[in-house]
Each structure stands twice: as C-alpha cells, then as structure tokens.
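Using this note's numbering, the letters of the sequence shown correspond one by one to residues 13 to 137. We put the CB at the ideal spot given by N, CA and C, even for glycine.
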Amino acid sequence: MNVTSNLSEKIRQIRLQKGLSQENMADMLGLSTTAYGDIERGRTELSVSRLENVAKLLDVPLPELLGIDISMSETEWLRQENTRILAENRRLQNELDQWKMKFRQLFGDGIIRQIGEERERIGFK
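Below is the structure:
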C-alpha cells in the first residue's frame, strides 16, 4: 500500500469515527461529493492547504494525520527527513549515471557533444 492510499484510508477511518458522511466533508471543504470521494479513494493528490483543512475538520493534528511521530522533536524529524532525501538523491543520481552510461554505449560520445552543442544553441544551460 502506498503513502497516498494509507493517507486516504486514514482520512476515511477518522471521518467514520467522527460520524461524518462524505457529503458532510465535501460540503465543509467546498468540494463536490465526487471530488471528496476521490480523496478517500486515493485518486487525488492533496495540497498541503487541503490536507490542513481536512485535518482541521477531522480535529486531528496534521502530523498525526500524516503518520508523523509528534513526540519527535521538529529538529529530529528534519534530520531524518534530510537523511531520507539525501539517500533518495543518491539513488536517483546512480540511476541517472547508469542511463548515461547506457546512452553512451548505444550512441557514443559524439552524440553527447552534439546534444550539448544543440542545447547551448537553443539557450539551455
């Protein structure tokens, strides 16, 4: 189950615990019932402001709704998030390097230079 579906399911469970219908939530958020239903089905990526509104309506702290341990200090959470992002950046850089190597194997370095020259010509840096 991915993060979006976990969040969507959590929103649905809390809404049901609070005795609210999807129609109630949709009205309070200024959405159609279909649009709100899409939130609970994980078909809509929520903006931070929309998440804040949902959390406020459900009377749940946003960090709790997102599954963030609120006993953790903000500094510690930022450290952990930074570590996670750095690891993801390394993973993506490795993947990019592998694709570059495959590209060079297929097309050679000459095409790389041509692409660089073309990018410069049209104004990309």
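Please go through the same chain and pick out, in chain order, the residues whose beta-carbon is closer than 8 angstroms to the beta-carbon of Ser71, but skip the five residues on each side of it. According to the sequence shown, residue 71 is Asp rather than Ser. The residues are Lys30.
Neighbourhood of Arg125 by C-beta distance below 7 angstroms, restricted to the same chain and skipping five residues each side: none
Less than 8 angstroms between C-beta atoms, sequence neighbours within five positions excluded: which residues of the same chain meet that for Arg102? none
Taking 8 angstroms as the cut-off, decide whether the C-beta atoms of Leu19 and Leu41 are in contact. no
Entirely enclosed beta strand (DSSP E) segments - the stretch 41-79, minimum 3 residues: none
CA-CA distance, Leu98 and Ile80? 19 angstroms
Is Lys30 helix, strand or coil when you go by DSSP? coil
Exposed or buried, Ile123, counting other C-beta atoms within 10 Å across all chains shown (16 or more means buried)? exposed
Please work out which residues of its chain come closer than 8 angstroms, Cβ to Cβ, to Ile23, disregarding the five sequence neighbours upstream and downstream, and give them in chain order. Ile51, Glu52, Val66, Leu70, Leu77
Which value, in whole angstroms, describes the spacing of the CA atoms of Glu86 and Thr95? 14 angstroms
Over what stretch of residues does the alpha helix (DSSP H) that includes Phe119 continue unbroken? 86-133
Output needed for Gly49: all residues of its chain with C-beta closer than 7 angstroms, excluding positions within five of it in sequence on either side, in chain order. Gln34
Taking the C-alpha atoms as reference points, what is the distance between Gly135 and Glu129? 10 angstroms
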